[in-house]
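Beneath this line is the structure, given in structure tokens, with notes to follow.
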Amino acid sequence: MKASVCFVFAVVCWIAAQAEESPKILTLSKVMNELNKINHGMIKDKSIRLNSPTINDLKDCCVASALECFRSQVLDLSVTDAKLKRSQKIVFNELRKSLIVNSVSTCKPEEIQTSQCKSCDSYNKVDSPIFVQNFLTLLQKIYASQA
1027 MKASVCFVFA
1037 VVCWIAAQAE
1047 ESPKILTLSK
1057 VMNELNKINH
1067 GMIKDKSIRL
1077 NSPTINDLKD
1087 CCVASALECF
1097 RSQVLDLSVT
1107 DAKLKRSQKI
1117 VFNELRKSLI
1127 VNSVSTCKPE
1137 EIQTSQCKSC
1147 DSYNKVDSPI
1157 FVQNFLTLLQ
1167 KIYASQA
């Protein structure tokens, strides 16, 4: 009896702890998890080159545009497994949510306009493993700023 009560109590505590996480943090965690799956299972094709912002490229008010650059190209990563294609779609769709888009920048609209963010096409092209690594680095930076 004591063991079952302890187990139920542990489950309730775990659920309560999960509920306290903000939806932004949960979504970012989900996206990073799916991107890690893609990273481990994708075809390491050096011929596929994608525009990739790096942390050094980012100005304070340009995080949202960099995130959109990554999001817009995630479906171009070379995967053959159906589960990985699903992971690509999850990343693509989750990062479109206003919950994420509105939370990545603390800049005012006029600051964003004057910051002169680069267009996605102007970033250097890199092969897919480096693209995914740069993407994960940006997501980790966003995650750390939200936590």
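Going by my numbering, the sequence shown opens with residue 1027, and the numbers climb by one from there.
Where a beta carbon is used, it is the ideal one built from N, C-alpha and C, also for glycine.
According to DSSP, is residue i part of a helix, a strand, or is it coil?
i	result
D1102	helix
Q1172	helix
V1057	helix
C1087	helix
D1107	coil
Q1142	coil
N1119	helix
I1069	coil
K1134	coil
For residue i, which residues does DSSP report across the bridge?
i	result
R1075	D1153
Rank the options by C-alpha distance to the C-alpha of residue i and give the top, closest one.
i	options	result
Q1139	V1089, S1124, Q1114	V1089
Q1114	S1141, D1153, P1155, I1064	I1064
L1164	M1058, M1068, D1107	M1058
L1052	D1086, L1125, D1071	L1125
L1076	L1103, R1112, K1167	L1103
R1122	V1105, S1091, F1157, D1086	S1091
V1130	E1060, K1085, K1072	K1085
K1072	Y1169, C1087, F1118, V1158	V1158
K1056	R1112, N1160, N1128	R1112
K1109	L1162, G1067, P1155, Q1142	G1067
Can you find the residues in the same chain that come closer than 8 angstroms, C-beta to C-beta, to residue i, ignoring five residues on each side of it along the sequence?
i	result
T1132	none
P1049	L1125
Can you list, in chain order, the residues of its chain with a C-beta nearer than 6 angstroms to that of residue i? Leave out the 5 residues immediately preceding and following it.
i	result
I1069	S1104
For this session: Answer yes if the stretch 1092-1107 comes into contact with the stretch 1143-1158, meaning at least three C-beta pairs across the two stretches below 8 angstroms, and no otherwise.
Result: yes
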